[in-house]
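Take a look at the structure below.
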Amino acid sequence: MEKLKELGVEVKTHMSTIDKEIAKIIEETLTEEKKEEKREHQEVTQPIEEREEKKAVVLKPRPPVVTVMGHVDHGKTTLLDTIRKTNVAEREAGGITQKIGASVVERGGKKIVFIDTPGHEAFTKMRARGAQVTDIAVLVVAADDGVKPQTIEAVNHARAAGVPIIVAINKIDKPNANVEKTKRELAEIGLIPEEWGGDTICVEVSAKKGTGVDELLDMIIFLAEYMELKAEVDVPAEGYILESRLDKGKGPIADVIVKKGVLKRGDIILTKSAYGRVRAMFDDKGRQVNEAGPSMPVEVIGLNSLAEAGDKFRVIESEKEAKEIVEAYFEEIREKKLATKPKKLTLEELLKQVKSEETRELRLVVKTNSQGELDALIPILERLSTEEIKVKCIHGGIGNINENDVMLASASEAIIIGFNVKVDPTAKQEAEREGVQIRLYQIIYDVEEDIKAAMIGMLKPKYEEVILGRAEVRAVFKVKGGKVAGCYVLDGNIVRNAQARVKRKDAVLFEGKISSLKRFKDDVKEVAKGFECGIGIEGFSDFEVGDIIEAFEVREVRRTTL
Ligand code: GDP
């Protein structure tokens, strides 16, 4: 604590116990600072040339980035809405708030950045990709419902990420709200409220009525100051992609959050899979800005293609170099995909598969214009699965259909579904070469109908036996190489080369092909009811008078429903 005071951090007295996690973070920050001091000291003693290489790092305070988490229906979205609505600065009021992945609110001249997607799923997805964006988690717990499974999950995710938690006990306006009980349940999962002697800041709020929301914001600011969140500013900007989408007029758009440095208009941005010069930037209120410092979320226009959410970005000097890095990345993927091309099955294995009546799979590569569309479309398509045919999306992505999509589809025998996107010219050529089908849509209903039709086409055809005619054996005579039956056609037609079965007293003796059919001495193709003929069957000669020869055909019946 003394150390903090020394460093000029104002310590409010009612916050007597520091959350262990916060303490740890503060400790780390302190050690960082110690390192800084040491580095600076060394720098002074270093020769000039070396000193120039290691420029002193300038750390400046930055706003906290907050993610709201909690159980479903506990009020996360309502809380975010209330905060956004009531805490836009005066001059911004009336400005159009647009979704750029995060929102900036102000309280007493201090900024707080809220990630727009509440819940630990998005939080963890970003983290899984290596994006540590969140500084503080606000855990929403409804006072009429208490601690629930997702509350615990959220706590675990925040703890795993080492992110301190502030609890918002919500819905206190409800008559059945039970704050005491909620606190008891929180204590049971290790979140002991300050007022009970623990380390956890709990704020009672009503997201719906707005009660306690300012206090919650104060607590966030207070904790953030405590954590001494700082970032380097004199360095090329770095940060993370929050979301990305395609705009018909503006092209690829990336919502980013700056982690360090100051992102400026005209900078060259590089992500794993996209690059470009920042043509324009907009803040969360839709205003054009020329700069975005640490923690600030902005919409960036100018990337050459869609960047993936969670990917890191950095600013580099040369556009040429950026291009080379991205191209090298795609080349690497391409090689990997080629290397893992599935082995072609042998004919025997294929036959075995067909015989075992395994569920067939319709594999899809789905590309859409936005994450929202992708999240909506994939379950719709996969739900079309039946017992016979499984619909499986092997890859989903945002943006135009590119060469890599085609490669993937080709390797996995999938078809490509594009929803509100186009096909890159090179991808088109590649698809033609590889024989990959690409289908483009604008209406979900059309996709569904088409996929259903494709599935019907994949159904195993049913086979149906059609009796062509029946003949009775009246005499048996020997010919070269076997015996033939002298017959009288009872009904239908007997057709040469058709399948036939020989029946004796309703038992089937033999099934085979009608190899010869004669009227008198002539070979004929067909003999109709009421006529006599000679029938020879391939591989059979034990005819007896009175046997019935039934000619039939197996027809494939097309299936028209799933
Ligand atoms: P989420 O699933 O956690 O994002 O929860 P929502 O924000 O969608 O809220 C779920 C329901 O609870 C909605 O019907 C809200 O109107 C309601 N709700 C949220 N906050 C409050 C509150 O403070 N008081 C009351 N009475 N209802 C609330």
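The numbering used here numbers the first residue of the sequence shown as 20 and each following residue consecutively.
Glycine is no exception: its CB is placed at the ideal position from the N, C-alpha and C atoms.
So which of 184, 94, 123, 87 has the shortest CA-CA distance to residue 138? Between residue 138 and the set 184, 94, 123, 87, the nearest pair of CA atoms involves 87.
Taking residue 335 and residue 282 to be in contact with their CB atoms under 8 Å, please state how far apart those CB atoms are, rounded to whole angstroms. In this structure residue 335 does not touch residue 282 by the C-beta definition: roughly 12 Å separates them, more than the 8 Å allowed.
Rounded to a whole number of angstroms, what is the C-alpha to C-alpha distance between residue 284 and residue 324? One C-alpha to the other measures close to 18 Å.
Could you tell me whether the segment 399-419 touches the segment 495-515, using the rule of 3 or more Cβ pairs below 8 Å? These segments do not touch.
On the CB-based measure, 16 or more other CB atoms within 10 Å of its CB, does residue 568 come out buried or exposed? Buried, because 16 or more other Cβ atoms sit within 10 Å of the Cβ of residue 568.
Own chain, CB closer than 6 Å to residue 278, minus 5 neighbours either side, in chain order: Once the five neighbours on either side are set aside, the close Cβ partners of residue 278 are 257, 258.
Can the beta-carbon of residue 314 be found less than 9 Å from the beta-carbon of residue 132? Yes, Cβ-Cβ distance for residue 314 and residue 132 is below 9 Å.
Check whether the segment 299-306 and the segment 222-237 touch, using three or more Cβ-Cβ pairs below 8 Å as the test. With a cut-off of 8 Å, the segment 222-237 and the segment 299-306 do not count as touching, because too few Cβ pairs lie within range.
Going by beta carbon distance, what residues of the same chain come within less than 8 Å of residue 580, once the five residues before and after it are set aside? Within its own chain, the residues whose Cβ lies closer than 8 Å to the Cβ of residue 580, once the five positions on either side in sequence are excluded, are 475, listed in chain order.
Can you tell which of 309, 215, 395, 104 has its C-alpha closest to the C-alpha of residue 464? Residue 464 has its Cα closest to that of 395, out of 309, 215, 395, 104.
Quick one: is the Cβ of residue 174 within less than 8 Å of any heavy atom of the ligand GDP? The answer is no for residue 174.
On the three-pair Cβ rule with 8 Å, is the segment 518-525 touching the segment 535-545? No contact exists between the segment 518-525 and the segment 535-545.
Answer yes or no: the CB of residue 93 versus the heavy atoms of the ligand GDP, is any distance below 8 Å? In this structure, residue 93 has its CB closer than 8 Å to one or more heavy atoms of the ligand GDP.
Report the residue from 161, 230, 236, 435 whose alpha carbon sits nearest the alpha carbon of residue 124. Measuring from the Cα of residue 124, the nearest candidate turns out to be 236.
Let me know if residue 566 comes out buried or exposed under the rule of 16 or more other beta-carbons within 10 Å of its beta-carbon. When all chains shown are included, residue 566 counts as buried.
Check for me: the alpha helix (DSSP H) holding residue 466 runs from which residue to which? Taken as a continuous stretch (DSSP letters only), the alpha helix (DSSP H) holding residue 466 covers 463-477.
Contact criterion: CB-CB distance below 9 Å. Does residue 143 meet it with respect to chain D? Looking for chain D here will not work: only one protein chain is present.
Inter-residue spacing [alpha-carbon to alpha-carbon] between residue 576 and residue 481: Distance between the alpha carbons of residue 576 and residue 481: 5 Å.
Based on DSSP bridge pairs, tell me the residues matched to residue 409. In the DSSP output, where bridge partners are listed per residue, residue 409 has 380.
When 499, 488, 408 are compared against residue 552, the one with the closest alpha-carbon: Put simply, of 499, 488, 408 the residue whose alpha carbon is nearest the alpha carbon of residue 552 is 488.
By the DSSP assignment, the alpha helix (DSSP H) with residue 391 in it spans what residues? Run containing residue 391: 390-401, per the alpha helix (DSSP H) assignment.
Just how far apart, CA to CA, sit residue 183 and residue 344? The alpha-carbon atoms of residue 183 and residue 344 are separated by roughly 36 Å.
Could you check which residue in 229, 317, 174 has the C-alpha nearest to that of residue 192? Ranking 229, 317, 174 by Cα distance to residue 192 puts 229 first.
Roughly how many angstroms separate the alpha carbons of residue 291 and residue 272, rounded to a whole number? In this model, residue 291 and residue 272 are separated by some 15 Å (Cα to Cα).
Is the segment 435-452 touching the segment 381-398, taking contact as three or more C-beta pairs under 8 Å? Short answer: they touch.
Hey, out of 244, 180, 249, 174, whose CA is closest to residue 219's CA? With distances taken between Cα atoms, residue 219 lies closest to 174.
Quick one: what's got a C-beta closer than 7 Å to residue 578's C-beta in the same chain, skipping five residues either side? Once the five neighbours on either side are set aside, the close Cβ partners of residue 578 are 475, 478, 480, 481.
Same chain, Cβ closer than 8 Å to residue 424, five either side skipped, listed in chain order: The answer, listed in chain order, is 384, 386, 414, 416, 435, 446.
Should residue 574 be labelled buried (16 or more other beta-carbon atoms within 10 Å of its own) or exposed? Counting Cβ neighbours within 10 Å, residue 574 comes out exposed, since fewer than 16 surround it.
Going by beta-carbon coordinates alone, are residue 389 and residue 265 separated by less than 9 Å? For residue 389 and residue 265, yes; Cβs fall inside 9 Å.
Please classify residue 429: is it buried, with 16 or more other beta-carbons within 10 angstroms of its beta-carbon, or exposed? Result: buried.
Pull up the distance between the alpha-carbon of residue 142 and that of residue 312, whole angstroms please. The alpha-carbon atoms of residue 142 and residue 312 are separated by roughly 22 Å.
Segments of 3+ residues assigned as beta strand (DSSP E) that fall wholly inside the segment 499-572: Listed in chain order, they are 501-514, 518-523, 526-538, 545-547, 551-556.
Taking 8 Å as the cut-off, does the CB of residue 201 come closer than this to any heavy atom belonging to the ligand FMN? Questions concerning the ligand FMN fall outside what the structure shown contains, since the ligands it does hold are the ligand GDP.
Can you give me the C-alpha to C-alpha distance between residue 409 and residue 188, rounded to a whole angstrom? Between the C-alpha atoms of residue 409 and residue 188 there is a straight-line separation of about 44 Å.
Relative to the C-alpha of residue 152, which residue among 261, 333, 170 is closest? The shortest C-alpha separation from residue 152 is found at 261.
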